[in-house]
Every structure is written in structure tokens, then in C-alpha cells.
Amino acid sequence: MPDTKEKKPFSLQDHVEWIAVAFVLALTVRCFILQAYQIPTGSMAPTLYGEHYRVTCPCGAQFNLRSNGNGPADLDITCPACGRNLDNAPVRLESRGGDRILVSMNVYLFSRPQRWDVFVFKSPENEQHSMNFVKRLAGLPGETVTIKNGQLFIDGKIARKPPEVQREVWQSVYNRYSARNAQDYWRPSRSWRVTDEGLLLAEGTTGWQTIEYDRRILDFYAYNGRRGLNQVGDLRVSGTAVIEREEGELTAALWANDQTYRAIYTLGKAEVLVRLQSTEGMEARGRAYVSPTGEFDFSFSRADGRLAASVNGREVASLSRPLSVADVPKYTHGSGVFFQGAGSRMLLKDVSIQRDIYYRSDLTRADRAVRAPLVAKVPEGYYFGLGDNSPISNDSREWGLIPEENVLGKAFFVFWPLTRLGPVY
Numbered sequence: 005m006p007d008t009k010e011k012k013p014f015s016l017q018d019h020v021e022w023i024a025v026a027f028v029l030a031l032t033v034r035c036f037i038l039q040a041y042q043i044p045t046g047s048m049a050p051t052l053y054g055e056h057y058r059v060t061c062p063c064g065a066q067f068n069l070r071s072n073g074n075g076p077a078d079l080d081i082t083c084p085a086c087g088r089n090l091d092n093a094p095v096r097l098e099s100r101g102g103d104r105i106l107v108s109m110n111v112y113l114f115s116r117p118q119r120w121d122v123f124v125f126k127s128p129e130n131e132q133h134s135m136n137f138v139k140r141l142a143g144l145p146g147e148t149v150t151i152k153n154g155q156l157f158i159d160g161k162i163a164r165k166p167p168e169v170q171r172e173v174w175q176s177v178y179n180r181y182s183a184r185n186a187q188d189y190w191r192p193s194r195s196w197r198v199t200d201e202g203l204l205l206a207e208g209t210t211g212w213q214t215i216e217y218d219r220r221i222l223d224f225y226a227y228n229g230r231r232g233l234n235q236v237g238d239l240r241v242s243g244t245a246v247i248e249r250e251e252g253e254l255t256a257a258l259w260a261n262d263q264t265y266r267a268i269y270t271l272g273k274a275e276v277l278v279r280l281q282s283t284e285g286m287e288a289r290g291r292a293y294v295s296p297t298g299e300f301d302f303s304f305s306r307a308d309g310r311l312a313a314s315v316n317g318r319e320v321a322s323l324s325r326p327l328s329v330a331d332v333p334k335y336t337h338g339s340g341v342f343f344q345g346a347g348s349r350m351l352l353k354d355v356s357i358q359r360d361i362y363y364r365s366d367l368t369r370a371d372r373a374v375r376a377p378l379v380a381k382v383p384e385g386y387y388f389g390l391g392d393n394s395p396i397s398n399d400s401r402e403w404g405l406i407p408e409e410n411v412l413g414k415a416f417f418v419f420w421p422l423t424r425l426g427p428v429y
């Protein structure tokens, strides 16, 4: 039977109405729900990148270098992996735009801003009031913010970063590209060898044998095109361990000033026992199942007064102690990483060392190391914001506090470039 349903005649009015509705919805989403921003500068690197160059070093490592408007010639280009100065070296530079992010414009209508949020606000400087800034929220109304030895304290107590934020701000110190010149980075005792495969303990002796990372760990940002100045004590070391015999023991150790922290991994039957030890006498234990071959991934970190050890990506032991401003020295005069092995031949592969973000207490002398702490009281109705790229970020250390009415929203997602697609922490 033929279809006798009459076709509705074309109506220009209907189409105009739909277009108008779509336009109003898009405007509503833009103004009240989501808004897209492009990051112009590198003050939040590495969490968010502004305009920059992608640099490929002859060693094979790639890293980002900020664009300062005058081209890379004005910057000190140093590879963060191999440590080579690239000012006169044959490198490949690719110019790239800033990250594009989505900002939730109404999230703070339903909940208060939280510490560590990456938030967007109008510039608090009157002459630049039309500009929008993106920073990390550090201080809340009514609090006292202290920055000392690269760490953030609130009302005299350490401000501990949530795990997702901590993962975002770790900075690479040593990685697989550095390993191509590993002989220059490690100081081994008689039984350790630096090989193409990794760090090898060739003999399973009864006493501990040590291999130590032999470079200073500074607040160096390759992105900034300038050298690091301040030694950093909050560190993370990770890699893959292959322990050939049961009862073989591996110690991953971190030290700063006169304090040493150890994660001791003891291989059992298809499991590894983990002990955390600190100079202060604190101890914690855990265990994890591993391959019968004795191979497992490990990591050990110290950040914001907390120690954590992981096996195959799962945290198995941790220690925390409350830190106050008085507990922390004005600066770190030495820090580092070392491994010890005993009881079995073992190989450490893909070793990586990272450092925590180091908040500088001022921007007035970028050519000098920080010595004096910063103390700022945040009155009601104001916030204190910091950039993750502390050495070059203009933020509350420079132009003061952020009025509550200037806050626009919370950055929550990078949508471009696709290589950086994901949530903002």
C-alpha cells in the first residue's frame, strides 16, 4: 500500500527557530557551564604548557622549551636527560601552541574552591583586569601561607599534595635517556656494574654493596632555559628489579641533609617483603606477590613528609609524619639517591629519578638561590595562587592576593593537543 503520509512543507521559520535554540544553548554552555581557554605562558608547566618549542636532543630525548618571544637563541638550552648544553648543537626545534583547556564556569556555585585546584581568575592587577590567569590554589581565606625550602605550609603545618596532584608535578632528573651515559651518573662499589642493560650487582655478597647517584639534584627546569639553583630533598626513584635468588635484598634509599630514608625489598617465594625505615626511627611493613622469576617494578618516594613504597604499581607501605615550619631547614645543602644490594645477584632496569616541585619563596632574584621563607596572611574573601613553574611564575608572590569575586572557574580537561588529552589535576 503506498505511503499516503503528507510531507511537511519546508518552513524557513522552523529552521530559524532551531538555529536560534542551538545558538542560545551554545551561549548558555559557554557562559555558565564550560568555556575553552588557550594557555598563553609556561607559568603552570609541566601541568599546562603555554607557547613553546619541542626540542629533540641528539641523545634522542625530547623535551619542551618555553617561548619567550625572542626565539630560543636567548635561552640556555640544556637537555634534562643527558645534561648536554645544546646552545651550539644540532637540535630539532618544533614550534607549538599552548594547551587548550576546558574550564567549568559554575563549579564554584555549588562548592567552595579547594586547595590544589587549578583555577581561572581575572587578573587582580587593576591595569590588567581584562586578563585571565590560570594558577594552582595554594591558600584559602583565613589561612597563613608559608613557603620554606621549596615546600608549602598552611598555618604552620605541611600542605600535603593529593596523589593525583603529586603525580602531575614530579619532575624528571634521570631516565632511560640519561642511562646512555650512565657511567657519568653513578658511583659504584666493587660489586656493582653500570651496563647497557642497567645497574648490575654482579655478586650476591652477605654485606651491603652500594651504588650512588653522583649528581646534585636541583630545581632545574629544562623548559625555562635556565639552570637550577636550589637543591631539592623530596625525591622519587623507580625502576624494574630482577633478583635472582630468594632472600636477596634490594634497598632503595633517599637522603636529604643528615636524614636517610630506606625501602628494603626482600625477595621470598613469589612475593616480596617491603620495609620502610627512616632516620627518625619510624618503620612500616608490607608485602606483594611477584613473578617467580624475581622480577618486579618498584618505586620509593618522599614528598611532603610522607614516604611511600610500591610494587608493580600498587602502594604496599607508607609512613607519614606531621611537619611544621620549624622542622624544616631554610634550605637543603645536599640530597641524593643510592641503592644497596645483598644476598643475590640482581639487575636494576629502567631506573628513573624524579624530584618534587620546588616552590621558590620569591621572584626578586631569579639568579640566586632562595634562602628566606615567605609568609603571607590570606584574609577572608581572598585566595593565594601559585604557578607550578615556580621560578618564572608571576603569581601571588608577585602581585598579591586574588579577590573571591575575580574567580571564574576550575580547569578540568586538556582537549588539545591530542597527545596531552586528559584531566587537569
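With my numbering applied, the sequence shown covers 5 to 429. Glycine included, every Cβ here is placed at the ideal spot set by N, Cα and C.
**OP:** Would you mind reading off the limits of the alpha helix (DSSP H) that contains residue 113?
**Re:** 111-114
Subject >> Close-in-space but distant-in-sequence residues of the same chain around residue 223 (CB under 6 Å, 5 per side omitted) >> reply: 232, 234, 236 and 362
**OP:** Please name the residue in 406, 427 and 139 whose C-alpha comes closest to that of residue 145.
**Re:** 406
Original post:
Less than 8 Å separating the beta-carbons of residue 126 and residue 136?
Top reply: yes
Original post:
For residue 264, which residues from the same chain have a beta carbon less than 7 Å from its beta carbon, with the 5 sequence-adjacent residues on both sides left out?
Top reply: 257 and 283
Original post:
Three-state secondary structure (DSSP) at residue 129?
Top reply: coil
Original post:
Do residue 198 and residue 186 have their CB atoms nearer than 8 Å?
Top reply: yes
Original post:
For residue 414, which three-state DSSP category applies?
Top reply: strand
**OP:** May I ask which residues mark the beginning and end of the alpha helix (DSSP H) holding residue 1?
**Re:** Any answer about residue 1 is impossible in this case: the structure gives the chain only from 5 up to 429.
**OP:** Please state whether DSSP places residue 150 in a helix, a strand or coil.
**Re:** strand
Original post:
So is residue 286 buried or exposed if we call it buried at 16+ other beta carbons inside 10 Å?
Top reply: exposed
**OP:** Identify which residue in 38, 380 and 88 has its Cα closest to the Cα of residue 160.
**Re:** 380
Original post:
Out of curiosity, what's the CA-to-CA distance linking residue 332 and residue 155?
Top reply: 9 Å
Original post:
What span of residues does the alpha helix (DSSP H) with residue 55 cover, start to end?
Top reply: Neither: residue 55 is in no alpha helix (DSSP H) and is coded neither H nor E.
Original post:
From residue 122 to residue 304, what distance separates their C-alpha atoms?
Top reply: 27 Å
Original post:
Between 97, 47, 44 and 46, which lies nearest to residue 59 when the distance is taken from Cα to Cα?
Top reply: 97
Original post:
Around the Cβ of residue 351, are there at least 16 other Cβ atoms within 10 angstroms (buried) or fewer (exposed)?
Top reply: buried
Original post:
So what's residue 281 in DSSP terms, helix, strand or just coil?
Top reply: strand
Subject >> residue 120 burial status per 10 Å Cβ neighbour count (16 or more: buried) >> reply: buried
**OP:** Check whether the segment 395-409 touches the segment 86-103, counting contact only when three or more Cβ pairs, one atom from each stretch, lie closer than 8 Å.
**Re:** no
**OP:** Can you grab the Cα-Cα spacing for the pair residue 112 / residue 227, in whole Å?
**Re:** 32 Å
**OP:** Kindly indicate which three-state DSSP category residue 385 falls into: helix, strand or coil?
**Re:** coil
**OP:** Could you tell me the distance, in whole angstroms, from the CA atom of residue 326 to the CA atom of residue 150?
**Re:** 15 Å
Original post:
What span of residues does the alpha helix (DSSP H) with residue 169 cover, start to end?
Top reply: 167-173
Original post:
Skipping 5 residues on each side, what residues in its chain have a beta carbon closer than 8 Å to that of residue 366?
Top reply: 374, 376, 378 and 401
Subject >> 6 Å CB neighbourhood of residue 357 in its chain, flanking five on each side removed >> reply: 177, 178, 241 and 341
Original post:
Skipping 5 residues on each side, what residues in its chain have a beta carbon closer than 6 Å to that of residue 216?
Top reply: 191 and 342
Original post:
DSSP puts residue 3 in a beta bridge; with which residues?
Top reply: Because the chain spans 5 through 429 in this model, residue 3 falls outside it and cannot be assessed.
Subject >> Residue range of the unbroken beta strand (DSSP E) whose run includes residue 290 >> reply: 287-293
Original post:
Could you give the residue range of the beta strand (DSSP E) that holds residue 267?
Top reply: 263-271
Original post:
Around the C-beta of residue 147, are 16 or more other C-beta atoms found within 10 angstroms, so that it is buried, or is it exposed?
Top reply: buried
Subject >> Element boundaries [beta strand (DSSP E), containing residue 334] >> reply: Careful: residue 334 lies outside any beta strand (DSSP E) and carries neither H nor E.
**OP:** Give me the Cα-Cα distance between residue 312 and residue 165, rounded to the nearest whole angstrom.
**Re:** 13 Å
Original post:
Do residue 175 and residue 359 have their C-beta atoms closer together than 8 Å?
Top reply: yes
Subject >> Inter-residue Cα distance where the pair is residue 388 and residue 116 >> reply: 14 Å
Original post:
Who are the near neighbours of residue 31 in its chain, counting only those whose CB is closer than 6 Å to its CB and skipping five residues on each side?
Top reply: Reliability fails at residue 31, whose pLDDT of 48 lies under 50, so the model's placement of it is uncertain and no value is given.
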